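There are 2 protein chains.
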Amino acid sequence: MTTTTTTKAGTESAFATALVRMSHVVQYVFADVSREHGVTPQQAQLLCVLTGGPIGMTELSRLLHLEKSSLTGLVDRVERRGFVTRVSHPRDRRACRISLTPEGARLGEKVHGEICARLDVLGDEMPEADRLRIATALTGVVARYAT
Amino acid sequence: MTTTTTTKAGTESAFATALVRMSHVVQYVFADVSREHGVTPQQAQLLCVLTGGPIGMTELSRLLHLEKSSLTGLVDRVERRGFVTRVSHPRDRRACRISLTPEGARLGEKVHGEICARLDVLGDEMPEADRLRIATALTGVVARYAT
DNA sequence: CCTCCTTAGTTCGCAGTACCAACAGTTCGT
DNA sequence: ACGAACTGTTGGTACTGCGAACTAAGGAGG
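So the protein sequences, as listed, match chains D and L.
The UniProt record's numbering applies: residue 1 is where the first sequence begins, and numbers increase by one.
The UniProt record's numbering applies: residue 1 is where the second sequence begins, and numbers increase by one.
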């Protein structure tokens, strides 16, 4: 399908470019904060997700967009560090739910808070209205992706 | 179960949350498009950066936020696939510049175009003015990060 | 009870990512 | 010419992520 869809110069989109750049900044902030706390970004993300309560592997793999086989290793490493534990399901002996240890909960909250703080700083010079408008618009974009 | 942490701390920032979610969407789009073209996201990003012209390793490592040692391997793998070549600098025998092969240039353009297209689709239901405002605001945020 | 099918999570092998420390070769300042 | 500074590489380690094959445990239906 090498149709003449003008894949040449017509692809200059300030909107898309801004989104991509923004994404990079978020990644860097995430990486910086994670590193300062001695975990990898993926491990930090796992902790953040779990602050909402224990979750099973299958559900977790859906939330993190990871294959279950990838998740096993990730949980292994985080468990080895003492931040989560596998809690066996009382009714279903196959299943387990990943639960934060007190230490893991503390770290998760801290990392989450710091990431939010650093991102907020980036927007604290624009009017509150603009900030709100961006948040709303981006949320709409995210919702549209799920379609 | 639901820990009802709504009355917890004041670290609930819709702005930061929206940025993080948006970042994930961009990551997924990037991953999808890259995979469909048989390269990894990192390799695709390298190709995209190089569409602006050949760049040396040191400069490239700054652009991609990678250690030079990490970059060596990345360039190796992309070179093995035939998408880039190391061109030795005529004046400085230490340096080399990474240049796209015709095939690499084609792939880079294609990937870049498709990523932009898919991101644009996510915003094509909001008014042009809003889209522009978001782009401008986000660009400002990105600029502020560099500070 | 006993198959058959599904689900939950794991194991294994592989390719890739990324860091750090140490290194070789080159360039350049003095 | 000597040493500092720079360019890119190597080697070693840990982590990421996938797919295929697997074990164990539900959940029908006969």
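Glycine included, each C-beta is placed from N, C-alpha and C at the ideal position.
Keep in mind the model is a prediction, meaning the values are calculated, not measured.
Contact belief for residue i with residue j at Cβ below 8 Å, rounded distance in angstroms
i	j	result
HIS112 of chain D	CYS48 of chain D	5 Å
VAL78 of chain D	LEU46 of chain D	6 Å
ILE134 of chain D	VAL29 of chain D	Not confirmed; about 16 Å, so no contact.
VAL23 of chain D	SER23 of chain L	The residue you asked about is not Val; residue 23 of chain D is Ser in the sequence shown. Right, the Cβ-Cβ distance comes to about 4 Å (below 8 Å), so this counts as a contact.
VAL26 of chain D	LEU119 of chain D	7 Å
ALA15 of chain L	ARG131 of chain D	The residue you asked about is not Ala; residue 15 of chain L is Phe in the sequence shown. Right, their Cβ atoms sit about 5 Å apart.
Beta-carbon contacts of residue i that lie in its chain and below 8 Å, excluding the five residues immediately before and after
i	result
SER34 of chain D	THR40, PRO41, GLN43, ALA44 and VAL111
GLU109 of chain D	THR51
ILE55 of chain L	VAL49, LEU63, ARG97 and ILE98
Paired residues, beta bridge with residue i - DSSP
i	result
residue 232 of chain D	With chain D covering only 1 through 147, there is no way to say anything about residue 232 of chain D.
LEU100 of chain D	D:VAL84
GLY56 of chain D	D:ARG97
Contacts of residue i in chain L (Cβ-Cβ under 8 Å)
i	result
GLN43 of chain D	Here the premise fails: no neighbours, minimum Cβ distance about 16 Å.
ASP76 of chain D	Neighbours of ASP76 of chain D on chain L: none; closest Cβ ~23 Å, over 8 Å.
VAL87 of chain D	Ordered by position in chain L, no residue passes the 8 Å Cβ test against VAL87 of chain D, which lies about 14 Å from the chain.
Partners in chain D for residue i, counting only beta-carbon separations shorter than 7 Å
i	result
CYS96 of chain L	What CYS96 of chain L touches in chain D: nothing, since even the nearest Cβ is about 25 Å away.
Contacting residues, own chain, Cβ-Cβ under 7 Å from residue i (five flanking each side not counted)
i	result
LEU138 of chain L	none
THR101 of chain D	GLY82, PHE83, VAL84 and THR85
GLU103 of chain L	GLY82 and PHE83
ARG144 of chain D	none
ASP76 of chain D	none
8 Å Cβ cut-off: residues of chain D touching residue i
i	result
PHE83 of chain L	Simply none; closest approach about 17 Å.
HIS37 of chain L	The contacting residues do not exist; HIS37 of chain L stays about 13 Å from chain D at best.
Residues near residue i by beta carbon distance below 6 Å, same chain, minus five either side
i	result
MET1 of chain L	No answer about MET1 of chain L holds up, because its pLDDT of 42 lies below 50 and its placement is not dependable.
VAL142 of chain D	none
Listed by chain order, chain L residues near residue i by CB distance under 7 Å
i	result
SER34 of chain D	None at all; the shortest Cβ gap to chain L is about 13 Å.
Under 9 Å by beta carbon: chain D residues contacting residue i
i	result
VAL49 of chain L	What VAL49 of chain L touches in chain D: nothing, since even the nearest Cβ is about 12 Å away.
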